[in-house]
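Note sheet for the following structure.
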Amino acid sequence: MAVIRGLLAAIYIGIQIESNWTKKWLYALYILLFSFSTTLPVIIIYGFLGGGFDKDIFRFAFVGSLFYFVFSSIFFNTSFTVIDDREHYRMLKYIIVSKTNYIIYALGRALGYVLLQISSSAIVLVLFIPIFKVSLSVNFLLLIFSVITGFVGSFGIALMFASYYLLSVREETSLMDILFGALFLISGAMFPPTILPKFGYIISLYFPLSSAIELGRYALFGKHLTAFFSGYSTSALVSFAFLVNILYFVLGLILLNFALKSAIKKGYIDITTAF
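Per the UniProt record's numbering, residue 1 is the first one in the sequence shown, and the count goes up by one each step.
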């Protein structure tokens, strides 16, 4: 029960911190418009300039961008809570020494983000289905599995980034901006990774979000929209996505536990850097 209470409290705290700068209805409108803005490059490049909204490449990029918006918000925002809690609220040391395990706290924050982002992305998708005349063949079980799998991998990446911030005495927020663009490219969200050089394609193939996003597309359309992962059967894609995302999650757990012990030993959990 203590774990569940801690998890629910972390979810509540995360949502409140995200939305406490304005009224709730205005924040809901903000995340909806922000979610829509992630699809604007796709609409312009593939829709208006690329020759139409009825092509598979448009559907590939449109849905991929929404999935990346959801998953990236998990690992960027969750890892950034280390800085926020340590530098802004000065509460990190109290969270770490409390009865709630820090990983449970981070999980709650991640769940808070994903609930908000999935809601806004789902609304955008539903609104644009009739506008772009997108025909779907939805496998809901596969769709749920893809979201859960992507969440697991994204949370693993969040733990890796959080490990870095726990051991950093000089905050470099520009790193997140650089990584956002780089990971967007290799995730296969907007461009098929088959256009990348061989080493880039291999990196993309084993990046956890690539398979999770492709699994989400497959769950929505019932087919592969590009050559990326087209050689995989449904069961093979499910197994591959599961294994890769679990691997990143386990690696994230190992790194965070090491970083927590080191940060506590070095006194970094209550250090301030004038951030």
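For every residue, glycine included, the Cβ atom is placed at its ideal position computed from N, Cα and C.
From a predicted model like this one, the values you see are computed outputs, not experimental measurements.
According to DSSP, simplified to helix, strand and coil, what is residue i?
i	result
Pro192	coil
Ile271	coil
Ser168	coil
Phe48	helix
Met176	helix
Asp56	helix
Asn77	helix
At a cut-off of 8 Å, is residue i close to the ligand MN when judged by its beta-carbon and the heavy atoms of the ligand?
i	result
Val244	The ligand MN is not part of the structure shown, which contains no ligands of any sort.
Give me, in chain order, the residues of the same chain whose beta-carbon lies closer than 6 Å to that of residue i; leave out the 5 immediate sequence neighbours on both sides.
i	result
Leu247	none
Ala219	Asn139, Leu142, Leu143, Ser146
Val126	none
Ala241	Thr149, Ser211, Ala212, Leu215
Asp56	Leu225
Tyr27	Ser19
Could you tell me which of the options sits nearest to residue i, measuring between CA atoms?
i	options	result
Gly6	Ile31, Thr81, Asn20, Lys99	Lys99
Thr81	Thr38, Ile45, Tyr105	Tyr105
Ala122	Met160, Tyr68, Tyr165	Tyr68
Ile15	Tyr201, Ser233, Thr78	Thr78
Ile83	Gly252, Leu166, Met176, Phe184	Leu166
Ser235	Phe249, Leu8, Ser211	Ser211
Val124	Leu29, Ile148, Ile178	Leu29
Ile103	Thr272, Gly156, Leu32	Gly156
Ile11	Lys265, Val114, Phe242, Ile254	Val114
Gly64	Phe228, Glu87, Arg86	Phe228
Ser183	Ile195, Leu209, Pro197	The amino acid occupying residue 183 in the given sequence is Leu; Ser does not appear at that position. Residue Leu209 is the option with its Cα nearest to Leu183.
Val70	Ile95, Met91, Leu32	Leu32
Phe180	Asp56, Lys24, Ser73, Leu8	Ser73
Pro130	Asp54, Leu26, Val238, Thr273	Asp54
Thr39	Ala189, Tyr232, Lys198	Ala189
Ser35	Leu116, Asp56, Ile17	Leu116
Thr244	Leu175, Lys23, Thr22, Gly153	Just to set this straight, residue 244 is Val in the shown sequence, not Thr. Residue Gly153 is the option with its Cα nearest to Val244.
Phe151	Tyr27, Thr22, Gly252	Gly252
Lys266	Leu8, Val169, Trp25, Tyr89	Val169
Beta-carbon within less than 8 Å of residue i's beta-carbon, same chain only, minus the 5 sequence neighbours each way: which residues are those?
i	result
Ile13	Gly108, Arg109, Gly112
Phe258	Ser163
Phe60	Pro192, Arg217, Leu225, Thr226
Phe58	Val42, Tyr46, Gly47, Gly50, Gly52, Phe132
Val250	Gly156
Ile186	Pro193, Leu196, Gly200, Ile203, Ser204, Phe207, Ser210
Asp85	Met91, Leu92, Ile95
Ala2	Lys99, Thr100
Phe128	Thr39, Phe62, Val134
Leu66	Ser35, Thr38, Thr39, Ser121, Val124, Leu125
Give a yes or no on whether the minimum CB-CB distance between residue i and chain D is below 9 Å.
i	result
Gly52	No chain D appears in this structure, which consists of one protein chain only.
Which residues in the same chain have their Cβ closer than 7 Å to the Cβ of residue i, if we skip the five residues on either side of it in sequence?
i	result
Ser137	Phe221, Gly222
Phe161	Phe75, Ser79
Ala263	Leu166, Leu167, Ile269
Ser119	none
Thr272	Glu87
Leu256	Ile103, Leu159, Ala162, Ser163
**Q.** Complete beta strand (DSSP E) runs within the stretch 185–267 (minimum length 3 residues, chain order)
**A.** If one requires a minimum length of 3 residues, no beta strand (DSSP E) run lies completely within the stretch 185–267.
Q: Write down every uninterrupted run of the alpha helix (DSSP H) in the stretch 85–167 whose length is 4 residues or greater and which is fully enclosed by it, in chain order.
A: Counting only runs of 4 or more, we get 92–97, 102–132, 140–166.
Q: Enumerate, from N- to C-terminal direction, the unbroken alpha helix (DSSP H) stretches of 4 or more residues contained entirely within the stretch 23–47.
A: The qualifying runs are 24–37.
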